[in-house]
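A.B. asks: This structure is in structure tokens; I'll ask about it shortly.
2 protein chains.
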Amino acid sequence: MIGHLNHVAVAVHNVRETARVYRDLLGARISAPQELPEHGVTAIFIELDNTKIELLEPLGQDSPISQFLQKRGSGVHHICLEVASIADAAEKLQQQGCRLLGADTPQIGAHGKPVLFLHPSTFDGTLIELEEA
Amino acid sequence: MIGHLNHVAVAVHNVRETARVYRDLLGARISAPQELPEHGVTAIFIELDNTKIELLEPLGQDSPISQFLQKRGSGVHHICLEVASIADAAEKLQQQGCRLLGADTPQIGAHGKPVLFLHPSTFDGTLIELEEA
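Structure (structure tokens):
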């Protein structure tokens, strides 16, 4: 079912400051900051040759990243893997009794594509996002 | 300086059990378990189309993964990025006053290639490994 690793999402306190470190120390290509108020984040992408790291900073009230920073501290928030069809993935996962986070039906993610999140307990502590390729 | 994301390393309690979930729920290709006593880990690789996830379980006394599990719980342990030359990377990072973990000189990592680790405080909480491509 899964194909590419689409991105690794990292919760940080300040995307601009952390992105500068990736750029200046490691020579990484970084995007401009993008505000995504519907997801409660400001994002900067660290472009790698085969995938990307997404730095996420809380934006607005009730940001899921604020909660994560308070509870866990900064660090990797989730790993996003690509699937050919989110609808097929959701159906198969629900048939297997897999616990999805949030709504039972796929939502539109930060890249404008259908996504779903699998509960971290499924993978012994790792939050996995599936995104339609 | 950095190119490909080589792998995302995830600390888990039992690599066999967690790898089975990746295989059975997500259809992932998984490797056989590999014991790496010199690194204090048993590893299983989740093969993705563009990179891999490395599941790491403590092996033996003084495993760094045991300490991580006790302190932080299971979840992503580090992100490994490729560089053309570890010696050049180490020199450049030390010139910029960057804090390296462990020995000041590059060590041989779990794939038999030179590696170094950057202190997680550098990247606001994310442990970054550099590996020679």
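In order, the protein sequences belong to chains G and R.
Counting from 1, one number per residue, gives the positions in the first sequence under this note's numbering.
Counting from 1001, one number per residue, gives the positions in the second sequence under this note's numbering.
Ideal Cβ positions, reconstructed from N, Cα and C, are used throughout, including at glycine.
1. Would you please verify whether the beta carbon of G:T126 is less than 8 angstroms from any beta carbon of chain R?
2. Rounding to the nearest angstrom, what Cα-Cα distance links R:E1091 and R:E1129 in this structure?
3. By Cβ distance below 8 angstroms, which residues in the same chain neighbour R:G1060 in space, the five residues on each side in sequence not counted?
4. Can you list the residues of chain R that G:V10 reaches, using a CB-CB cut of under 7 angstroms?
5. Does the Cβ-Cβ distance between G:G125 and R:S1074 come in under 8 angstroms?
6. Roughly how many angstroms lie between the CA atoms of R:E1132 and R:L1081, to the nearest whole one?
7. Nearest by alpha-carbon distance to R:L1048: which of R:L1056, R:S1031, R:Q1094 and R:S1063 is it?
8. Closest Cβ-Cβ distance between R:L1116 and chain G: below 8 angstroms?
9. Which two residues bound the contiguous alpha helix (DSSP H) that contains R:Q1070?
10. Return helix, strand or coil for R:Q1095, following the three-state DSSP convention.
11. Let me see if you follow: with CB-CB separation under 8 angstroms, is G:A84 close to chain R or not?
12. Decide if G:T51 is buried, meaning its Cβ has at least 16 other Cβ atoms within 10 Å, or exposed.
13. Could you tell me which chain R residues have their CB closer than 9 angstroms to the CB of G:G3, listed as they occur along the chain?
14. I'd like to confirm the pairing. Which residues does DSSP put opposite G:K52 in its beta bridges?
15. Using a Cβ-Cβ cutoff of 8 angstroms, what residues of the region 52 to 69 of chain G are near chain R? List them in chain order.
16. What first and last residue would you give for the beta strand (DSSP E) that runs through R:E1132?
17. Suppose the cutoff is 7 angstroms on Cβ atoms and the five residues either side in sequence are ignored; what does the same chain contact list for G:A84 look like?
18. Looking at the C-beta of G:S74, does it have a partner C-beta in chain R at a distance below 8 angstroms?
19. Given a limit of 7 angstroms on CB to CB distance, which residues of the region 86 to 113 of chain G reach chain R?
20. Who are the near neighbours of R:T1042 in its chain, counting only those whose CB is closer than 6 angstroms to its CB and skipping five residues on each side?
21. Pull the bridge partners of R:P1114 from the DSSP assignment, please.
22. Hey, how far is the Cα of R:H1007 from the Cα of G:Q94?
23. When you compare the CB positions of G:I44 and G:L55, do they come within less than 8 angstroms of one another, or not?
24. Pull out every residue of the region 28 to 40 of chain G whose Cβ sits closer than 9 angstroms to any Cβ of chain R, in chain order.
25. What is the DSSP secondary structure of G:V12, reduced to helix, strand or coil?
C.D. replies: Taking the coordinates as given:
1. True, the Cβ-Cβ gap to chain R drops below 8 angstroms.
2. Their Cα atoms are separated by approximately 15 angstroms.
3. Correct list, in chain order: P1037 and G1040.
4. Identification of chain R residues near G:V10 by a Cβ-Cβ cut-off of 7 angstroms yields T1126, ordered along the chain.
5. Contact: yes.
6. Their backbone Cα atoms lie some 9 angstroms apart in a straight line.
7. Checked all of R:L1056, R:S1031, R:Q1094 and R:S1063; the closest Cα to R:L1048 is R:S1031.
8. No, R:L1116 lies away from the interface with chain G (no Cβ there is under 8 angstroms from its Cβ).
9. Taken as a continuous stretch (DSSP letters only), the alpha helix (DSSP H) holding R:Q1070 covers P1064 to R1072.
10. DSSP, reduced to helix, strand and coil, places R:Q1095 within a helical segment of the structure shown.
11. Taking Cβ atoms only, chain R never reaches closer than 8 angstroms to G:A84, which makes this a no.
12. Buried is the label assigned to G:T51, since at least 16 other Cβ atoms lie within 10 Å of its Cβ.
13. Simply L1048, D1049 and N1050.
14. DSSP links G:K52 through a beta bridge to G:H7 and G:E47.
15. Listed in chain order, the positions of the region 52 to 69 of chain G with a beta carbon within less than 8 angstroms of a beta carbon of chain R are I53.
16. Taken as a continuous stretch (DSSP letters only), the beta strand (DSSP E) holding R:E1132 covers I1128 to E1132.
17. Around G:A84: A133.
18. At least one chain R Cβ lies under 8 angstroms of G:S74.
19. If the cut-off is 7 angstroms between Cβ atoms, the region 86 to 113 of chain G has L93, Q96 and C98 near chain R.
20. So the qualifying residues of the chain are V1015, P1033, E1035, E1057 and L1059.
21. Secondary-structure assignment with DSSP links R:P1114 through a beta bridge to R:I1108.
22. The alpha-carbon atoms of R:H1007 and G:Q94 are separated by roughly 29 angstroms.
23. In contact: G:I44 and G:L55 (Cβ atoms closer than 8 angstroms).
24. Taking 9 angstroms as the Cβ-Cβ cut-off, the region 28 to 40 of chain G approaches chain R at A28, given in chain order.
25. Coil.
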